[in-house]
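Student: Going letter by letter, the sequence shown gives residues 1 to 174 in our numbering. The structure's right below; bear with me while I get my questions together.
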Amino acid sequence: MIRWLRVLTFALAWTMASTSGAADIKVGFVDVSRVLDQSPQAREARERIQAEFAPIDQEILRLQREQRTLEEQLLRDGDVMANAERMRLEREVLSRKRDLRRAQEEFREDLNLRRNQELQKLQRQVVLAIRAMAKSEDFDLVISDGVLFASTRIDITGTVLERLVEEHDRQGGN
């Protein structure tokens with residue numbers, strides 16, 4: 001519904017501009033998903049998240065290996081173990097499985113939260129860059145989502161990416 005409203009707004013603005021005698025209306029299109037994927041700010045955000053969560057991911061992998069080792073030991077030696085020893089090992093396997101599931105779930109939740117935080121930050125930067133570029137280059141209308149086709153003549157995605165690279169470099173990015 002929102003996409004159709006955007007398309008309708010664009011069509012209405014285009015119609016009003018052409019009927020009001022405006023000779024030229026400058027329209028641009030930005031592929032925001034491409035900008036969010038290719039900008040240096042996005043690359044840095046992915047690297048920050050990777051660095052932040054790599055130790056936790058390694059710890060979960062270690063716990064998984066330990067879990068597999070215990071399960072293999074139980075399968076291999078369970079029949080020849082004393083009953084009390086086998087029961088102790090079975091309880092330990094179940095306990096570790098629960099701990100591992102809990103750790104994996106916490107990891108996923110924390111990772112998703114951080115991704116969303118970084119995405120929101122990046123989206124704000126992209127919107128500010130688009131607005132600044134649109135004002136500095138006298139665009140009358142810049143559209144993004146819900147567009148089924150945009151010719152290369154009005155696609156300003158590359159220009160927005162260049163602006164983000166320049167901003168990144170000015171801020172001393174990597």
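Even for Gly, the Cβ is constructed at its ideal location relative to N, Cα and C. Source: prediction; values computed, not measured.
1. Contact between the stretch 110 to 122 and the stretch 85 to 97: three or more CB pairs below 8 Å?
2. How about Phe-107 and Lys-26: are their beta carbons less than 8 Å apart?
3. I need the straight-line Cα distance from Asp-79 to Pro-55, nearest angstrom please.
4. Taking buried to mean at least 16 other C-beta atoms within 10 Å of its own C-beta, is Arg-102 buried or exposed?
5. Buried or exposed: where does Val-127 fall if 16 or more other Cβ atoms within 10 Å of its Cβ makes it buried?
6. Output yes or no for whether 8 Å exceeds the beta carbon distance between Gln-67 and Lys-97.
7. Would you say the beta carbon of Ala-45 comes nearer than 7 Å to a heavy atom of the ligand ZN?
8. Among the residues of its own chain, which have a CB less than 6 Å from the CB of Leu-32, if the five just before and after it don't count?
9. Spell out the partners DSSP gives Phe-29 in its beta bridges.
10. With DSSP run on the structure shown, which of helix, strand or coil describes Val-160?
11. Ends of the alpha helix (DSSP H) at Met-81?
12. Roughly how many angstroms separate the alpha carbons of Gln-171 and Val-93, rounded to a whole number?
13. Do Ala-129 and Val-160 have their C-beta atoms closer together than 8 Å?
14. Note down, in chain order, each residue of its chain lying with its Cβ closer than 8 Å to the Cβ of Gln-73, except the 5 sequence neighbours on either side.
Tutor: This is what the structure gives:
1. No contact exists between the stretch 110 to 122 and the stretch 85 to 97.
2. No, these two residues do not count as a Cβ contact at 8 Å.
3. Straight-line Cα distance between these residues: approximately 37 Å.
4. So Arg-102 ends up on the exposed side.
5. Counting C-beta atoms within 10 angstroms of its own C-beta, Val-127 has fewer than 16 neighbours from the protein chains shown and is therefore classed as exposed.
6. Yes, Cβ-Cβ distance for Gln-67 and Lys-97 is below 8 Å.
7. Inclusion of the ligand ZN in the displayed structure is not the case, the ligand content being empty and no account of it being possible.
8. The question names Leu, but residue 32 in the sequence shown is Val. So the qualifying residues of the chain are Ser-144.
9. DSSP, once it has assigned bridges, lists Ile-143, Asp-155 as partnering Phe-29.
10. Note: Val-160 maps to helix in three-state DSSP.
11. Here Met-81 belongs to no alpha helix (DSSP H), and DSSP marks it neither H nor E.
12. If you draw a straight line from the Cα of Gln-171 to the Cα of Val-93, it is about 51 Å long.
13. For Ala-129 and Val-160, yes; Cβs fall inside 8 Å.
14. Excluding positions up to five away in sequence, the list reads Leu-89.
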